[in-house]
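Heads up, the thing below is written out as structure tokens.
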Amino acid sequence: MSNTATALKMSPEVSVPHNASPMKIVVVGHVDHGKSTLVGRILNETDALPEGKVEYLKEVCDKRGMPFEWAFVMDALQAERDQGITIDTAQIRFRTEARPYVIIDAPGHKEFLKNMVSGAASAEAAVLVIDAHEGVQEQSRRHGYLLHLLGLRQIAVAVNKMDLVDFSETRFEEVKAEIVAYLNSIGVEPTYVIPVAARSGANIAANAAETPWYKGPSVLGALDRFEPAKPATDLALRFPVQDVYKFDERRIIAGRIESGRLKVGDTLVFSPSGKMAKIATIETWGNSLASVSAGAGQSVGITLDEQIFVERGNVASLEHHVPHQSHDLKARVFWLGRGPLKVGSRYKLKLATAEHVVEVTKIERVIDVEDLANHQGTEVARNAVAEVVFRGKSPIAHDSFVDNPRLGRFVLVEGYDIVGGGVIAETPTDEARNRSTHVTEVPHKVDAETRSIANGHRGGVVWLTGLSGAGKSTIAMEAERQLFLKGWQVTVLDGDNVRTGLCGDLGFSDADRAENIRRVGEVAHLFAEAGMVVVTSFISPFRTDREKVRAINPDAFHEVHVATSLDECERRDPKGLYKKARAGEISYFTGVSSAYEAPALPELALVTEGKSVDESVADLLRYIENSFSLSAREQANGWGL
Amino acid sequence: MNDLDALESQSIYILREAFNRLDKIAMLWSIGKDSNVMLWLARKAFFGHVPFPVLHVDTKHKIPEMIEFRDRVAKEWNLPLIVGENTEALAAGMGPHNGRVECCTALKTEGLKALLASHGFTGVIAGIRRDEEGTRAKERVFSPRNQSAEWDFKDQPPEFWDQFKTDFAPGTHLRIHPLLAWSELDVWRYIERENIPMVDLYFAKNGRRYRSLGCAPCTGSVASTASTVAEIIEELETTKISERSGRAQDKESEDAFERLRAGGYM
Ligand SMILES: Nc1nc2c(ncn2[C@@H]2O[C@H](COP(=O)(O)OP(=O)(O)OP(=O)(O)O)[C@@H](O)[C@H]2O)c(=O)[nH]1
Ligand SMILES: [Mg+2]
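Heads up: the sequence lines are chains A and B, in that order. All you need for the numbering used here is the position in the first sequence, starting with 1, plus 22. All you need for the numbering used here is the position in the second sequence, starting with 1, plus 3.
What follows is the structure, given as structure tokens:
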């Protein structure tokens with residue numbers, strides 16, 4: 023212990039203000055680089071350890087027949103002490119003369135990245151520990167990258183175990199150059215890079231004699247120079263509804279104000295419904311003073327002047343400052359699941375108090391955190407980072423992470439487990455779907471539930487696909503007629519009919535066919551959103567085109583394969599097209615000179631061979647009625663509204 | 004917002020999450036300072052109501068003043084109190100003479116498990132704090148327990164951005180820890196600010212007081228002259244004696260407390 027003599031010792035007389043929240047600091051870095059040792063040492067240097075703790079740990083180490091380990095202060099689990107490795111994040115308080123702290127010791131082993139994130143996500147600033155001898159390693163970079171992704175901008179670097187390199191300034195500068203270059207490349211400028219020897223305490227609380235060439239602050243000095251986080255009260259109001267209580271005559275809307283402020287008399291807009299009401303009261307209990315306003319961080323309960331329908335997951339904001347609302351989210355995701363994240367997979371996305379079912383529609387790039395190279399892929403492996411586009415079943419109220427972190431981040435749940443987190447980049451500008459950036463969907467004031475109750479059925483897309491001559495149009499038109507007679511809101515979009523107007527500018531090249539299907543898909547979903555059942559009748563031969571249409575709103579999309587065989591279609595040949603195609607008069611004819619990719623898992627397959635048109639229509643109608651009718655309960659209580 | 008406001012708001016948020024997300028929850032009430040504070044926070048969170056049962060696992064070894072306090076406050080606050088005990092172990096004469104860890108396991112852990120099973124609770128709110136001891140420093144706010152109520156501390160779920168684990172397999176349950184971020188000093192400062200009633204044993208008489216309340220045979224008092232909340236706060240601002248120094252069951256061996264907790268102890 024080279025420099026305990028110069029170490030700063032807190033005397034009990036020093037009065038630190040007691041009513042400031044502690045600053046949260048996380049200590050990260052590669053496995054075994056000395057994070058826990060540094061934390062144990064900081065606690066010792068700031069006199070934060072209870073009496074007898076060090077003596078007790080000395081005994082523990084003696085019994086184990088090993089030299090004293092400062093890491094044991096934090097590594098309290100037997101398995102951690104046996105293996106000399108941190109398994110899970112631990113948090114502990116200490117204070118310097120400047121302020122109180124919570125220090126979070128994160129594990130460095132790759133296996134425990136989920137625990138590192140659990141610790142780091144709540145921190146305001148970080149210390150990245152790097153072994154001077156080993157230099158910058160894989161997890162040094164990954165942790166650095168994740169800190170940045172989590173929104174941390176204040177990072178100090180401790181180059182540890184300087185004793186192993188004889189406190190060499192040259193070696194320090196080498197390691198420093200390497201980590202600073204990496205951090206700079208992700209947009210982080212470390213506040214300080216400090217040479218330390220955690221085990222002996224060099225440069226922890228005071229500048230050490232061994233590094234006369236180092237002129238910067240000690241580790242504690244660097245901590246004290248971090249800026250406290252800016253309060254979220256300056257941002258726009260975001261008040262996610264956590265619950266609605268009716269314990270007595272009051273109907274209290276409870277939640278935590280994530281950002282901004284609210285006061286009695288403010289008009290709140292609730293996303294996604296767009297319903298509005300004024301705050302009548304802010305409720306309190308006990309000896310708390312009745313208040314007329316509240317701000318970010320406060321858990322409150324309010325009552326409204328009007329009894330509008332509000333439920334958990336809604337977000338209240340102020341008029342003209344509402345969050346974005348869209349089905350699509352593009353986000354940077356860190357994946358913690360055991361199996362990979364895949365295109366087409368569905369997850370539960372939890373954003374503030376809302377839960378949405380989302381499907382992965384695209385993995386734009388997988389980022390190699392080692393060299394920051396981008397890779398293409400259809401999967402994201404455990405502990406990897408990627409840019410992913412999600413499509414929600416219902417519109418998702420959100421902000422971009424840079425505008426408002428509280429509503430710009432989410433976690434993904436698969437089965438019973440949280441398997442990843444994401445920060446929202448923007449509303450996607452996927453070239454296939456949307457060239458217009460900065461488009462915010464305006465919420466409808468008539469919602470899907472209201473429409474379906476009025477219509478007696480839900481809206482949706484029944485997408486018939488199959489070869490030319492399979493019977494799609496015949497079946498579609500007859501189904502439309504019969505549903506209409508039953509009072510359903512129904513229409514048909516048919517291939518030849520749209521080709522004259524909506525898609526009049528398109529030919530039959532692969533690109534034009536894809537665009538044709540895209541347009542029809544968008545239009546069909548608009549009809550579906552308006553509450554109608556839309557039956558479409560297009561050959562739509564390519565699986566990827568149909569999957570894109572499904573992705574617009576997976577829950578409203580029903581793929582029906584009119585599975586008439588090629589032989590049978592060619593035998594029927596109602597328009598004489600197969601004959602022409604075989605004669606080479608039509609190029610790119612599906613089934614003859616162009617592929618038909620049958621659906622692998624359609625919602626319904628209609629086998630028409632050996633059946634009359636009426637029988638096939640009856641099969642389809644049965645499916646439609648089962649899938650789109652409201653249950654008696656839904657009808658009776660109006661979806662519980 | 005000062006630090007106590009921030010802690011209070013966070014704890015209320017956690018309590019409301021537990022109440023909203025879980026079917027059947029209950030709050031453990033050990034009658035100690037932390038669980039009294041927790042009960043107070045619940046009444047704040049739910050505007051004067053405690054909308055779930057309050058459980059007390061009686062070991063029959065508690066200090067008599069604690070039971071008196073429990074019954075008085077339960078009546079005054081109109082609490083939905085459920086008292087449980089491990090009748091079998093008590094009938095067999097279980098006590099610390101059988102070994103402290105064994106006694107805690109039988110009377111507290113097993114007593115609690117029986118209570119949870121008989122009522123089908125899927126969530127139990129417990130007032131543990133990170134600063135109490137090493138394994139609690141590693142706890143999650145929503146902490147899963149398996150079918151046998153065991154804690155798999157080597158593989159805890161990720162927990163960040165206040166998105167808690169609220170999905171779990173049938174037969175397993177969650178422990179919810181609203182006070183995890185509080186320190187002993189925070190608790191007393193909050194007691195002072197809110198004027199929360201406390202059992203007298205915490206206040207010094209004849210130069211001794213209790214800092215942590217457990218069962219009579221295993222909880223010792225500490226030397227102290229702090230006889231008011233303000234004096235306790237003053238004492239804690241300077242003391243270097245650890246809070247659980249009076250708790251005998253923690254000290255049986257290096258891993259005594261870890262084994263207790265892994266088995267389902269609070
Ligand atoms: N020589 C030397 N050894 C050190 C120093 N600091 C830590 N160590 C040793 O490095 C080993 C690993 O230290 P830990 O503190 O457990 O490392 P960690 O970064 O917390 O490891 P994980 O949490 O498992 O990622 C221990 O044996 C320490 O004693 C130092 O300054 N010099
Ligand atoms: Mg460690």
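Backbone N, C-alpha and C fix where the C-beta goes; we use that ideal spot for every residue, glycine too.
Those residues which DSSP pairs with residue i across a bridge
i: residue 303 of chain A; result: A:325
i: residue 89 of chain B; result: Paired residues: none, contrary to the question.
i: residue 345 of chain A; result: Residue 345 of chain A pairs with nothing; no bridge assigned.
i: residue 290 of chain A; result: A:299, A:340
i: residue 20 of chain A; result: The structure shown does not extend to residue 20 of chain A, since chain A spans only 23 to 663, so no value can be given for it.
i: residue 262 of chain A; result: A:337
i: residue 159 of chain A; result: DSSP output for residue 159 of chain A lists no bridge partner at all.
i: residue 525 of chain A; result: Residue 525 of chain A pairs with nothing; no bridge assigned.
i: residue 558 of chain A; result: A:485, A:515
Exposure label - residue i; buried when at least 16 CB within 10 Å
i: residue 263 of chain B; result: buried
i: residue 37 of chain B; result: buried
i: residue 97 of chain B; result: buried
i: residue 665 of chain A; result: Outside the shown range of chain A, which is 23 to 663, sits residue 665 of chain A, and nothing can be said about it.
i: residue 312 of chain A; result: exposed
i: residue 331 of chain A; result: exposed
i: residue 453 of chain A; result: For residue 453 of chain A, the predicted model reports a pLDDT of 35, less than 50, meaning its position is unreliable and no value from the coordinates is stated.
i: residue 342 of chain A; result: exposed
i: residue 459 of chain A; result: Note that residue 459 of chain A scores 41 on pLDDT, short of 50, meaning its location in the model is unreliable; the coordinates nonetheless yield the value given after this. Counting Cβ neighbours within 10 Å, residue 459 of chain A comes out exposed, since fewer than 16 surround it.
i: residue 88 of chain A; result: exposed
i: residue 147 of chain A; result: buried
i: residue 596 of chain A; result: exposed
i: residue 212 of chain B; result: buried
i: residue 352 of chain A; result: buried
i: residue 217 of chain A; result: buried
i: residue 526 of chain A; result: exposed
i: residue 212 of chain A; result: buried
i: residue 405 of chain A; result: buried
i: residue 635 of chain A; result: exposed
i: residue 245 of chain B; result: buried
i: residue 154 of chain B; result: buried
i: residue 250 of chain A; result: exposed
Expected contact under 8 Å - CB spacing of residue i and residue j to nearest Å
i: residue 248 of chain A; j: residue 338 of chain A; result: Not a contact, Cβ separation roughly 33 Å.
i: residue 582 of chain A; j: residue 539 of chain A; result: Residue 582 of chain A to residue 539 of chain A, Cβ: 15 Å. No contact.
i: residue 92 of chain B; j: residue 109 of chain B; result: 4 Å
i: residue 29 of chain B; j: residue 58 of chain B; result: 5 Å
i: residue 438 of chain A; j: residue 145 of chain B; result: Not a contact, Cβ separation roughly 12 Å.
i: residue 14 of chain B; j: residue 181 of chain B; result: 4 Å
i: residue 21 of chain A; j: residue 433 of chain A; result: The shown model of chain A, from 23 to 663, leaves out residue 21 of chain A, and the question about it has no answer.
i: residue 116 of chain A; j: residue 65 of chain A; result: 5 Å
i: residue 237 of chain B; j: residue 188 of chain B; result: Contact flag wrong, Cβ pair sits at about 10 Å.
Are three or more beta carbon pairs between the segment 63-71 of chain B and the segment 36-49 of chain B nearer than 8 Å? Cβ pair count under 8 Å is below three, so no.
Could you tell me which whole alpha helix (DSSP H) segments of length 4 or greater appear in the segment 66-111 of chain A? Entirely contained in the segment 66-111 of chain A, the alpha helix (DSSP H) runs reaching 4 residues are, in chain order, 75-85, 100-105.
Please list the segments of the alpha helix (DSSP H) lying wholly inside the segment 185-251 of chain A, counting only runs of 4 or more residues, in order along the chain. Complete alpha helix (DSSP H) runs here, min 4: 191-207, 241-246.
Tell me the start and end of each unbroken beta strand (DSSP E) in the segment 173-209 of chain B that is at least 3 residues and wholly inside, in chain order. Complete beta strand (DSSP E) runs here, min 3: 176-179.
Of all the beta strand (DSSP E) runs that stay within the bounds of the segment 564-615 of chain A, which reach a length of 3 or more residues? Entirely contained in the segment 564-615 of chain A, the beta strand (DSSP E) runs reaching 3 residues are, in chain order, 579-584.
Taking 8 Å as the threshold, find out whether the segment 482-491 of chain A comes into contact with the segment 580-595 of chain A through three or more Cβ pairs. By the criterion of at least three beta-carbon pairs nearer than 8 Å, the segment 482-491 of chain A is in contact with the segment 580-595 of chain A.
When the Cβ atoms of the segment 299-310 of chain A are set against those of the segment 355-364 of chain A, are three or more pairs found closer than 8 Å? A contact is defined here as three or more CB-CB pairs under 8 Å, and the segment 299-310 of chain A fails this definition with respect to the segment 355-364 of chain A.
For the segment 540-553 of chain A against the segment 512-525 of chain A, do three or more pairs of beta-carbon atoms, one drawn from each stretch, fall closer than 8 Å, so that the two count as touching? Yes, they touch.
Hey, is the segment 201-211 of chain A in contact with the segment 167-187 of chain A, meaning 3+ C-beta pairs nearer than 8 Å? Note that the segment 201-211 of chain A touches the segment 167-187 of chain A; at least 3 beta-carbon pairs, one per stretch, sit closer than 8 Å.
Pick out the complete beta strand (DSSP E) segments inside the segment 96-135 of chain B, 3 residues or longer, and give them in chain order. Counting whole runs of 3 or more residues, the segment 96-135 of chain B contains the beta strand (DSSP E) stretches 126-128.
Is it a yes or a no for the segment 503-513 of chain A touching the segment 548-564 of chain A, going by three-plus beta-carbon pairs under 8 Å? With a cut-off of 8 Å, the segment 548-564 of chain A and the segment 503-513 of chain A count as touching, because enough Cβ pairs lie within range.
Stretch-stretch touch, CB-based, cutoff 8 Å, three pairs: the segment 619-637 of chain A with the segment 4-24 of chain B: Flag = no, the segment 619-637 of chain A and the segment 4-24 of chain B do not touch.
Three Cβ pairs or more, each shorter than 8 Å: is that satisfied between the segment 147-155 of chain B and the segment 90-109 of chain A? No, the segment 147-155 of chain B does not touch the segment 90-109 of chain A.
Three Cβ pairs or more, each shorter than 8 Å: is that satisfied between the segment 136-143 of chain B and the segment 102-116 of chain B? In short, these stretches do not touch, since the Cβ pair count stays below three.
Any 3 or more C-beta pairs closer than 8 Å across the segment 281-290 of chain A and the segment 640-648 of chain A: Contact between the segment 281-290 of chain A and the segment 640-648 of chain A is absent, because fewer than three Cβ pairs lie under 8 Å.
What are the uninterrupted segments assigned as beta strand (DSSP E) that are 3 or more residues long and contained completely in the segment 357-381 of chain A, given in chain order? Correct list: 368-373.
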